[in-house]
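Protein chains in written order, with this note's numbering: chain R, 35 to 208; chain G, 7 to 119. Glycine included, every Cβ here is placed at the ideal spot set by N, Cα and C.
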């Protein structure tokens, strides 16, 4: 069965748990089993936290897809971010993306202790705990999310950041 | 000396200390959970000399900022003290994240179900 969920939300802290709980409940009603539903929900929670912390302006979007036969759920979060925040994200991404996921998670835990202001646990957690394969894209198409702002005015300083996580899920018979 | 930390409700979580165990229940997903978690960990450290047990079994979710607090707690424990995590392996986050935390100091951190 094909599944596609698309939500637009305001980057407010209360939406972190709202989205996590909604994703868990939605996916566990016949899409995947509860363990996989919670893996996707945890990844969405960590990414939405980042959006709330760093989203520059406007709304954000979450898109969850499951195509039959792929054995994966694709989770994408899009938000408008400043060039500085995008640079920060790219640095974090490069730091956590290589190596064995468990060893990287452990390394980032130690780093969070030695350098608490520069924690990079969220993406490392997604890689290990959720078995997520993370990728990202940057584009100028900020109108995709925000049509209320003067896009011409802000387009040089802000971009659209799309982070996608592919999470393997067990085949589930409804 | 038994642990005595009165029950406190914080957002969607309940925390208290009883006997030899600090109990965490519910969900912890604050923007900075260290603001309230640290006080409980400090009390547990003060009141328990050798072994601190933390019962996570009924903690459904802990965000990565909360995991950072647990890491800080175990890395800053008193020399020679032991920490025991009581977990529910049916909860993925406990099976994965707490196992990795335990690997930071395998001689002094233990996991029980």
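Sheet register partners of residue i (DSSP bridge)
i: residue 24 of chain G; result: G/10, G/27
i: residue 167 of chain R; result: R/200
i: residue 61 of chain R; result: DSSP, once it has assigned bridges, lists no residue as partnering residue 61 of chain R.
i: residue 192 of chain R; result: R/116
i: residue 67 of chain G; result: G/33
Inter-residue Cα distance where the pair is residue i and residue j
i: residue 10 of chain G; j: residue 20 of chain G; result: 15 angstroms
i: residue 126 of chain R; j: residue 154 of chain R; result: 6 angstroms
i: residue 107 of chain R; j: residue 132 of chain R; result: 21 angstroms
i: residue 34 of chain G; j: residue 17 of chain G; result: 8 angstroms
i: residue 163 of chain R; j: residue 66 of chain G; result: 15 angstroms
i: residue 72 of chain G; j: residue 50 of chain R; result: 14 angstroms
i: residue 84 of chain G; j: residue 134 of chain R; result: 31 angstroms
i: residue 103 of chain G; j: residue 139 of chain R; result: 9 angstroms
i: residue 43 of chain R; j: residue 55 of chain G; result: 47 angstroms
i: residue 70 of chain G; j: residue 75 of chain R; result: 13 angstroms
i: residue 45 of chain R; j: residue 52 of chain G; result: 39 angstroms
i: residue 205 of chain R; j: residue 48 of chain R; result: 32 angstroms
i: residue 201 of chain R; j: residue 62 of chain R; result: 15 angstroms
i: residue 182 of chain R; j: residue 48 of chain G; result: Model confidence at residue 182 of chain R stands at a pLDDT of 48, short of 50, so the residue's coordinates are unreliable; what they give is reported in the following sentence. If I take the Cα positions, the gap works out to 48 angstroms.
i: residue 167 of chain R; j: residue 80 of chain R; result: 14 angstroms
i: residue 65 of chain R; j: residue 72 of chain R; result: 12 angstroms
i: residue 146 of chain R; j: residue 24 of chain G; result: 30 angstroms
i: residue 14 of chain G; j: residue 32 of chain G; result: 12 angstroms
i: residue 88 of chain R; j: residue 8 of chain G; result: 43 angstroms
i: residue 95 of chain R; j: residue 84 of chain R; result: 13 angstroms
i: residue 119 of chain G; j: residue 152 of chain R; result: 33 angstroms
i: residue 156 of chain R; j: residue 86 of chain G; result: 30 angstroms
i: residue 112 of chain R; j: residue 198 of chain R; result: 9 angstroms
i: residue 39 of chain G; j: residue 170 of chain R; result: 28 angstroms
Range covered by the beta strand (DSSP E) that runs through residue i
i: residue 115 of chain R; result: 106-116
i: residue 41 of chain R; result: 37-43
i: residue 88 of chain G; result: 88-92
Three-state class that DSSP yields for residue i in the structure shown
i: residue 176 of chain R; result: helix
i: residue 97 of chain R; result: strand
i: residue 112 of chain G; result: coil
i: residue 61 of chain G; result: strand
i: residue 32 of chain G; result: strand
i: residue 107 of chain G; result: helix
i: residue 18 of chain G; result: coil
i: residue 124 of chain R; result: helix
i: residue 160 of chain R; result: helix
i: residue 119 of chain G; result: coil
i: residue 101 of chain G; result: helix
i: residue 102 of chain R; result: coil
i: residue 85 of chain G; result: coil
i: residue 46 of chain R; result: coil
i: residue 153 of chain R; result: coil
i: residue 95 of chain G; result: coil
Terminal residues of the alpha helix (DSSP H) in which residue i lies
i: residue 51 of chain G; result: 40-53
i: residue 77 of chain R; result: 68-88
i: residue 133 of chain R; result: That residue, residue 133 of chain R, is in no alpha helix (DSSP H); it is neither H nor E in DSSP.
i: residue 73 of chain G; result: 70-81
Heavy atom of the ligand ZN within 8 angstroms of residue i beta-carbon
i: residue 163 of chain R; result: Inclusion of the ligand ZN in the displayed structure is not the case, the ligand content being empty and no account of it being possible.
- Message: Could you check whether the stretch 77-91 of chain G touches the stretch 52-64 of chain G, counting it as contact only if at least three pairs of C-beta atoms, one from each stretch, sit closer than 8 angstroms?
- Response: yes
- Touching or not, the stretch 114-121 of chain R and the stretch 192-205 of chain R, by the rule of three or more beta carbon pairs under 8 angstroms? yes
- Should the stretch 71-81 of chain G be regarded as contacting the stretch 109-118 of chain G, the criterion being three or more beta carbon pairs within less than 8 angstroms? yes
- Determine contact between the stretch 35-49 of chain R and the stretch 92-102 of chain R, defined as no fewer than three beta-carbon pairs at a distance below 8 angstroms. yes
- Stretch-stretch touch, CB-based, cutoff 8 angstroms, three pairs: the stretch 52-66 of chain R with the stretch 37-45 of chain G: no
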